[in-house]
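Quick notes on the structure that follows.
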Amino acid sequence: MRRFIHFLIFIILFAYQNSNILAQSNNNDSLRTDSINIIDKKTLQKELSFEIINLAINKNQIVEKESLFIPSNIKINERDTLSMIIQLKGYGSEIIFNYYFNDNPNFRKIENGKIIYDKSSKRIYFEFIPDDNQALNKFITWNLFAYEKEIELMRYDFLIEINNLEYPPKIINKQIDKIIRQNYSFNYVPIINDGDNGILFELKTDAPIDNFNPITGNIDWKIDPNNIDELEKTFNFILKVYKKNKPELFDVDTFKIIYSENNYAPVFGKTAKWIVEEGNNYEYKIPVDDPNVNDSILIENIGAQLPRGMSLDSESKTIYFDVDYNHVERSNSTQNYNLELKASDISGLSSQISLDVVVMNTINPQKVKEKISELISELNSQQKGLEEINENLKWIEATSKNNRVIRTFSAAGITFLGAVVGVISANSEGSRKAVRLAGPIIGASGAVLSVINEVLSRDDNEIKNLLQETIKLQSNVKAKYDRLSFYNSSQNTSDFQNQEIDLLIRTIESDRESLNKNLFTISENYKIIISEKRIKNMLDKRN
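Numbering (the numbering used here), first residue to last: 1149 to 1691.
Here you go:
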């Protein structure tokens, strides 16, 4: 009876629950079980994508980031460099990437290729340089796979077609010159980079070798240390590899072998200071020899960087020095350099030596020419700039009513040279416009002194003395400028490199500083002269 009651209760509860579920389904379709499944299917319909953002052959871009074209194959030549960057695009933070080649899951490593996957950026970097064997196979298919949680596995196949071209064979393990001292045997098997099928070797040597294989290129040589003819000598080897069907496609390995019982480092001869002058080219033969084998020395600079314009040629054992004019800062001075040289023979033994280089200062003719042109140009500009002052002074002299004859100077003119900031300001109403030039020259007859002496309302011996000193000074400077004019028209380079012209320019520049002060004083005196009432009246009448 009790069991029957429990069964009835279960039936009632089950019926009530089903009625509620059906009601929910009728009122809200979004809660239906099949609707939830549809949402899951939409999620699964999302796809990963492979986008090639960079594709280049021998660094020449074929596909760039802006391109919408996604290629599935490409054709390249043997030994071309194929570079690719592939962007994986998904919807999560992590994308799993895998690959293999030619639909073979066991073929994951490709010769001459490199693949890197950056998980953070989700980018795949691929570089491939096909060799001759890969070109013979013609095609390689790169199978790429990407997987992300709750998204279907995506596959992308990229076909690479390789053109088989005829390249010359290349020896990878080329020999270097060497001295053999202990093991009296030499064995060499050349390694060819690719295309080792259908090739032959050819050897030219003066060494008494035991065996040479023209198919493999193998060289065997066992030396007899008791045979004096085979010791302490340089034997030359020229090994050539070429294609049988195209002999013009070849590669050559050239090297030297020396069997020696001696063991001496290179020896430097005596050296003295190497003295050079600016503006010249020099060669210095380094005195060094190898007691064991001559002409087998490597020379290098192991000290500070070589001076500007200097180069070292190890093969000819020569230093070349093209000395410009900027090594020595001060005139009549020198610049010293110390070279640390190392000589090594092909066995590895070495010696060192120091070489002192002294650079003597010389005059740069180009700069001298430029300076002369500058001074002459300044002289011409100054002469043009102060013609007004000369004219005014001469006119005052000629029209003065009380022109007493007093002591005059024999100088043909008054010339002031120099660089002055502001010169001569005529501040009378009747005077002409002021002349303001840098470095003016005043030229007037010696009789102008009488006008100055006549017009001044006071007896100013200081001004008179200053004028006398200036006239003497200008006479010397004018002679120097005349000398400059001679050099300015010269076409002989040696004229600009002697000490005379250098001293002349320095003297003129020094005199210019002294003349600047005198010029400024005379300029002020000129303003005083034309400001006198009597001079003003004369100028007013003139105008």
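All residues carry an ideal CB built from backbone N, CA and C; glycine is no exception. Nothing here was measured: the structure is a model prediction, and the numbers come from that model.
- Following the DSSP letters along the chain, one finds residue 1282 inside the alpha helix (DSSP H) bounded by residues 1280-1285.
- No residue range can be given for residue 1438, since it is assigned to no beta strand (DSSP E) and is classified by DSSP as neither H nor E.
- Between the C-alpha atoms of residue 1651 and residue 1486 there is a straight-line separation of about 32 Å.
- Counting C-beta atoms within 10 angstroms of its own C-beta, residue 1526 has 16 or more neighbours from the protein chains shown and is therefore classed as buried.
- Rounded to the nearest whole angstrom, the C-alpha separation of residue 1382 and residue 1446 is 16 Å.
- For the 8 Å CB-CB criterion, residue 1399 and residue 1389 form a contact.
- Contact between residue 1272 and residue 1263 is confirmed by a C-beta separation of about 7 Å, below the 8 Å threshold.
- Counting the other CB atoms within 10 Å of its CB gives residue 1223 a total below 16, which places it among the exposed residues.
- Non-local C-beta neighbours of residue 1198 in its own chain, meaning closer than 6 Å and more than five positions away in sequence, comprise 1234, 1304, ordered along the chain.
- Taking 8 Å as the cut-off, the Cβ atoms of residue 1249 and residue 1325 do not count as close.
- Annotated three-state conformation of residue 1514 is helix, per DSSP.
- Using a Cβ distance threshold of 8 Å, residue 1407 and residue 1367 do not count as a contacting pair.
- Annotation: the continuous beta strand (DSSP E) that includes residue 1204 extends over 1197-1205.
- Note that the C-beta distance between residue 1348 and residue 1387 is not below 8 Å.
- For residue 1239, the number of other beta carbons within 10 angstroms of its own is below 16, and it is reported as exposed.
- With a cutoff of 8 Å on beta-carbon distance, residue 1462 and residue 1448 are scored as near each other.
- The Cβ-Cβ distance between residue 1341 and residue 1225 does not fall below 8 Å.
- Apart from sequence neighbours up to five positions away, the residues of its chain that approach residue 1357 with a beta-carbon distance below 7 Å are 1367, 1368, 1369, ordered along the chain.
- Inter-residue distance for residue 1308 and residue 1209 is about 16 Å (C-alpha atoms, whole angstroms).
- Sorting 1345, 1293, 1302 by C-alpha distance to the C-alpha of residue 1315 places 1345 at the top.
- In this structure, residue 1520 lies near residue 1635, with their beta-carbon atoms less than 8 Å apart.
- Contact between residue 1426 and residue 1509 holds, since their C-beta atoms are separated by about 6 Å, short of 8 Å.
- Assignment of residue 1255 by DSSP, reduced to helix, strand and coil, places it in the coil class.
- Scanning the segment 1278-1360 from its first residue to its last, the whole beta strand (DSSP E) runs of 3-plus residues come out as 1287-1296, 1299-1311, 1326-1328, 1333-1336, 1347-1353.
- Ranked by Cα distance from residue 1372, the options 1275, 1489, 1334, 1450 are led by 1334.
- Inclusion of residue 1466 and residue 1432 in the CB contact set at 8 Å is warranted, their separation being smaller than that value.
- Within the model, the alpha-carbon separation for residue 1299 versus residue 1236 is close to 13 Å.
- Only residues of its own chain outside the window of five on either side were considered, and among them 1245, 1272 have a CB closer than 6 Å to the CB of residue 1265, listed in chain order.
- The secondary-structure analysis by DSSP pairs residue 1374 with nothing; it has no beta-bridge partner.
- For residue 1478, same chain residues with a beta-carbon under 8 Å away, outside a window of 5 residues either side, are 1509 in chain order.
- For residue 1266, the enclosing beta strand (DSSP E) covers residues 1261-1266.
- C-alpha of residue 1428 to C-alpha of residue 1470: approximately 6 Å in a straight line.
- Burial is judged here by how many other beta carbons sit within 10 angstroms of a residue's own beta carbon; residue 1492 has at least 16 and is buried.
- Judged by their CB atoms, residue 1401 and residue 1323 are nearer to each other than the 8 Å cut-off.
- About 16 Å separates the beta carbon of residue 1313 from that of residue 1276, a gap too long to meet the 8 Å contact definition.
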